[in-house]
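The block underneath contains the structure these notes are about, expressed in structure tokens.
Residue numbers (this note's numbering): 330 to 720.
Here you go:
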């Protein structure tokens, strides 16, 4: 039997299951409950945050409300039998329902495609469905002529037609289209919520996973649930059980967590020799210089947040064990010093790409990081005071 990826198998089946988009879900539920369902919606947000899932759920709640646990019903409409609704719901979630038409704006972007929508919009829904719903994904890819044609039917659509336009680039959707839609902005999903969902997924898959591995996958998802689930698919394919942070590091070629911690400890101690040797050791293991720089910036960012806000702040996106270790390291720095270290690394990131000797710049930056505590306080010098060492 063909394998179905996690992002499809664990697609949300109810509004409250769409992770990180509670406000959007509640507004859509209230619209159905109060009979204020608009004729057109614009769902915007980065990839993998639930736009298409929410669009399918909304269409499903309109035509097959008995199959969505938190969907209200219109008492004035006679819905099909529950088994018929379930068949409709399954087809909607698969994307092949006759009354919920999904269109890829990237491959159906011409004016003829838009005219086809107009021609078919006048046809009544089949199988006693209440609405005919058009979900147009990546709608910003439509041509200007296609938008103009679509505008005609969106101005005065038939009562049984609803449009849900999804896009990652709303600025490319003409204002004439946007003005006829109710716009909902889907936000990036917070790392803790992605990690919690991943924990539920691995439990369902009957696989053990370390918290640190789940948190790393969640952070690498960068706000996108789909990206995080795709990465988890790759981890499950390794056959490792339990899944550990080491599994993730090996699969993606990430720097060894312990070695990076050792480098940060050496920098904190002002040990130039050990800092350079730790850097060389990391690079000798096949880690790219750009990748190492990015990892150090992120690690120092977490330390800065702990130093500024405390280890219990919601801004700290680390597992409990990693947070405890980071809190110990953060005690060896102050927030202003960490800002300076991040600035040094960011400067390295910009200039190393254009340099003929990027390794020299890296080593020089590592030395500056280790000696940062011994450098004169520039602000004190500018004020005319005696140089002071950073604490």
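Backbone N, C-alpha and C fix where the C-beta goes; we use that ideal spot for every residue, glycine too. It should be emphasised that the depicted structure is a prediction, and the values quoted were computed from it without experimental measurement.
Distances from the CA of residue 374 to each of 500, 602, 365, 484 were compared; the closest alpha carbon is that of 500.
Listed as beta-bridge partners of residue 493 by DSSP are 370, 464.
Residue 399 sits in coil when the DSSP states are folded into three classes, being neither helix nor strand. For a cut-off of 8 angstroms, the C-beta gap from residue 699 to residue 604 is around 4 angstroms, short enough to register as a contact. 8 angstroms or more divides the Cβ of residue 357 from the Cβ of residue 372.
Taking the C-beta atoms as reference points, residue 483 is found no nearer than 8 angstroms to residue 530. Judged by DSSP secondary structure, residue 512 falls within the beta strand (DSSP E) whose first and last residues are 511-514. As the crow flies, the alpha-carbon of residue 648 is around 23 angstroms from that of residue 668.
In the structure shown, residue 538 adopts extended strand secondary structure according to DSSP, grouped into three states. Around the C-beta of residue 641, fewer than 16 other C-beta atoms lie within 10 Å, and the residue is accordingly described as exposed. Residue 429 is bridged by DSSP to 462. Its chain contains 511 as the residues whose beta carbon lies nearer than 6 angstroms to that of residue 367, once the 5 sequence neighbours on both sides are disregarded; these appear in chain order. Annotation for residue 591: the continuous alpha helix (DSSP H) segment containing it runs 586-598. In the DSSP assignment, residue 616 is bridged to no other residue. Rounded to the nearest angstrom, the gap between the Cα atoms of residue 403 and residue 417 is 17 angstroms. Residue 572 has its alpha-carbon roughly 8 angstroms from the corresponding atom of residue 565. In this structure, 595 is the residue among 617, 618, 595, 686 with its C-alpha nearest to the C-alpha of residue 607. With 16 or more other Cβ atoms from the protein chains shown falling within 10 Å of its own Cβ, residue 382 counts as buried. The DSSP-derived three-state label of residue 645 is coil. When Cβ pairs closer than 8 angstroms are counted between the two stretches, the region 428-440 is seen not to touch the region 394-402, the count staying below three. Here the alpha carbons of residue 633 and residue 688 stand approximately 26 angstroms from one another.
Just measuring C-alpha positions, the residue of 385, 409, 442, 492 sitting nearest residue 426 is 385. Within the DSSP secondary-structure output, residue 572 pairs in a beta bridge with 538. The Cβ atoms of residue 459 and residue 369 do not sit closer than 8 angstroms to each other.
With a cut-off of 8 angstroms on Cβ pairs, the region 613-629 is in contact with the region 577-586, counting three or more such pairs. Counting only the Cα atoms, residue 543 lies some 9 angstroms from residue 523. Our two residues, residue 388 and residue 364, have alpha carbons roughly 15 angstroms apart in a direct line. About 23 angstroms separates the CB atoms of residue 592 and residue 546; that is not less than 8 angstroms, and the two are not in contact. Apart from the 5 residues on each side of it in sequence, residue 471 sits with its Cβ closer than 6 angstroms to the Cβ of 434, 438 in its chain, given in chain order. Only exposed fits residue 359, as fewer than 16 other CB atoms lie within 10 angstroms of its CB. Take residue 656, set aside five residues on each side of it, and the residues of its chain with a beta-carbon closer than 7 angstroms to its own are 635, 640, in chain order. If the five residues before and after residue 507 are omitted, its C-beta is found closer than 8 angstroms to the C-beta atoms of 371, 499, all from its own chain and listed in chain order. With fewer than 16 other Cβ atoms from the protein chains shown falling within 10 Å of its own Cβ, residue 643 counts as exposed.
For residue 389, the uninterrupted alpha helix (DSSP H) run begins and ends at 380-392, by DSSP. One Cα belongs to residue 569, the other to residue 518, and the distance between them is close to 27 angstroms.
Assigned with DSSP and collapsed to three states, residue 407 falls in coil, not helix or strand.
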